[in-house]
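Chemist: In my numbering, the protein residues as written are 45 to 187.
The C-beta atom is built at its ideal place from N, Cα and C for all residues, glycine as well.
Take a look at this one; I'll ask things after.
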Amino acid sequence: MTGIAALVDQGKIGDAVHEARGLTPQRVRELLFASGGFMRDSAPYDEFFRRWYATLESPYLRAEAADWFCQAYLTELADVPGAEQFGPALSTDSKREVVAHLAREMRGRNISDWSKSPEEPLSKAQVRAWRDASYELGAVRMP
């Protein structure tokens, strides 16, 4: 690993995004801010984060990344234009995505198929309860 921060400092944002594939958001944050290069110029660090974040397909992983990085927009990346608005929006939007995804999954095949199995690990009543809970969760409106 060449080092995510070193690549960002060299302007090789795409290479840094590639290097970060498969790492946890916590590890990406640790590696990104390890060098202190963000103190000289935070713009490439912001660009890296936004490009890396866009590659994350799982809503759960995006929420975890938002949790690890939203505070950076008050500290390491505070001088990025709009940083104070971006951090909270990132956190809120990612959680909104998780709630919507989870609500869909709770009434999806992963639940309903369990009641159709010969072993019937979930009764039809349990599947209905999952579905009802999914609609309640889906009705939650976040700020």
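Using the three-state DSSP reduction, which class does LEU118 fall into: helix, strand or coil?
Modeler: For the purposes of this step, residue 118 is taken as residue 74 along the sequence shown, with counting starting at 1. Reduced to three states, the DSSP call for LEU118 is coil.
Chemist: Provide the residue span of the alpha helix (DSSP H) that contains GLY182, from first to last.
Modeler: Position 138 of the sequence shown, counting from 1, holds the residue named residue 182. Taken as a continuous stretch (DSSP letters only), the alpha helix (DSSP H) holding GLY182 covers 168–182.
Chemist: My output table needs one value for ASP85: the three-state DSSP class, helix, strand or coil.
Modeler: Stepping through the sequence shown from its first residue, residue 85 is reached at position 41. Coil.
Chemist: Suppose you measure from the CA of HIS62 to the CA of ARG140; what does that come to, to the nearest Å?
Modeler: As a first step, residue 62 must be located in the sequence shown, where it is residue number 18. As a first step, residue 140 must be located in the sequence shown, where it is residue number 96. Taking the straight line joining both Cα atoms gives about 27 Å.
Chemist: Does the Cβ-Cβ distance between PHE92 and ILE57 come in under 7 Å?
Modeler: By 1-based counting over the sequence shown, the position of residue 92 is 48. By 1-based counting over the sequence shown, the position of residue 57 is 13. In contact: PHE92 and ILE57 (Cβ atoms closer than 7 Å).
Chemist: For PHE130 and VAL124, I'd like the C-alpha separation in whole angstroms.
Modeler: The residue you call residue 130 lines up with position 86 of the sequence shown. The residue you call residue 124 lines up with position 80 of the sequence shown. Whole-angstrom Cα-Cα distance: 9 Å.
Chemist: Going by beta-carbon coordinates alone, are ALA107 and VAL52 separated by less than 7 Å?
Modeler: Residue mapping note: residue 107 aligns to position 63 of the sequence shown, counting from 1. Residue mapping note: residue 52 aligns to position 8 of the sequence shown, counting from 1. Not in contact: ALA107 and VAL52 (Cβ atoms no closer than 7 Å).
Chemist: Between ARG153, GLU163, PRO132 and PRO187, which has its C-alpha nearest ARG172's C-alpha?
Modeler: In the sequence shown, the residue the question calls residue 172 occupies position 128. Per the Cα distances, ARG153.
Chemist: For ARG73, does the count of other Cβ atoms within 10 angstroms reach 16, so buried, or fall short, so exposed?
Modeler: Counting from 1 along the sequence shown, the entry for residue 73 is found at position 29. By the neighbour-count rule (16 or more Cβ atoms within 10 Å), ARG73 is buried.
Chemist: How big is the Cα-Cα spacing for MET83 and GLY66?
Modeler: Taking the first residue of the sequence shown as position 1, residue 83 is located at position 39. Taking the first residue of the sequence shown as position 1, residue 66 is located at position 22. Spanning the two alpha carbons is a distance of roughly 26 Å.
Chemist: Count the other C-beta atoms from every protein chain shown that fall within 10 angstroms of the C-beta of LEU121, then say buried if there are 16 or more, exposed otherwise.
Modeler: In the sequence shown, counting from the first residue as 1, residue 121 sits at position 77. Buried.
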